[in-house]
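What follows is the structure, given as structure tokens:
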């Protein structure tokens, strides 16, 4: 989710 | 969130906890590479820099996990370089960390998703994490052995990113989500553990100690 650049993993 | 990423993060937490317990209980960091722990601390700080840039309302587990990773890794470095400094095996922890940091920083400036500060720091953190375990593996090859508890730490640490690879396969298949930089670095990182995984599964699981051909 979120923009491509938002890295949503730790 | 999927089962692979969940167990990956749990395995990572377990690794950090195992190492902390080993150092705290035995009051010794023998066989532990302080450089690897420093590199991990740098990885967490550069990757989670957003925690410091804008107020963190601890409303979700992700932010709590980031704070746990940063504080635990900094505390581990404190134990190694200050509290139990006398037991730190500096002679064998001799891999030059600069040879890992400089290429990771250079590559992050060359190959990244977007040339902006936060994104370059994130990319640097991903590249550095891929090679951060090398001083630890180097130390074990120099001393020729690894304490069983340290082997468990390494197994949990290696499994975390291996599980993340399964998570990326899952997300590609079901969410068509691809983060190429993280995937390539994660595969390299996991490959570096292969010979250790082999030793762990053939030896430690049978109760033997890992002794490398000195």
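Chains as they are written, first to last, in my numbering: chain A, 1 to 10; chain B, 1001 to 1214. We put the CB at the ideal spot given by N, CA and C, even for glycine. Being a predicted model, the structure only gives us computed values, none of them experimental.
Sequence-distant Cβ neighbours of residue 1161 (chain B) in its own chain, meaning closer than 6 angstroms and more than five residues away, are 1186, 1189 and 1190. Taking all protein chains in view, the Cβ of residue 1059 (chain B) is surrounded by fewer than 16 other Cβ atoms within 10 Å, so the residue is classified as exposed. Annotation for residue 1170 (chain B): 1002 and 1004 place their beta carbon closer than 6 angstroms to its own, counting only its chain and skipping 5 residues before and after. Put simply, of B:1022, B:1198, B:1035 and B:1015 the residue whose alpha carbon is nearest the alpha carbon of residue 1099 (chain B) is B:1035.
At a cut-off of 8 angstroms, the C-beta of residue 1161 (chain B) has no neighbouring C-beta in chain A. At a Cβ-Cβ threshold of 8 angstroms, residue 1145 (chain B) and residue 1085 (chain B) do not count as neighbours. Residues are counted here when their Cβ sits less than 9 angstroms from a Cβ of chain A; for the segment 1063 to 1097 of chain B these are 1065, 1066 and 1069, given in chain order. Across the structure, residue 1123 (chain B) and residue 1150 (chain B) are spaced so that their CA atoms are roughly 28 angstroms apart.
Taking a cut-off of 8 angstroms on C-beta distances, the segment 1008 to 1016 of chain B does not touch the segment 1108 to 1116 of chain B, as fewer than three cross pairs fall below it. With a 10 Å radius around the Cβ and a threshold of 16 neighbouring Cβ atoms, residue 1091 (chain B) comes out exposed. Proximity to residue 1137 (chain B) across B:1037, B:1020, B:1021 and B:1069 peaks at B:1037, based on C-alpha coordinates. Taking residue 1166 (chain B) as the centre and dropping the five residues before and after it, the same chain places the C-beta of 1004 closer than 6 angstroms to its C-beta, in chain order.
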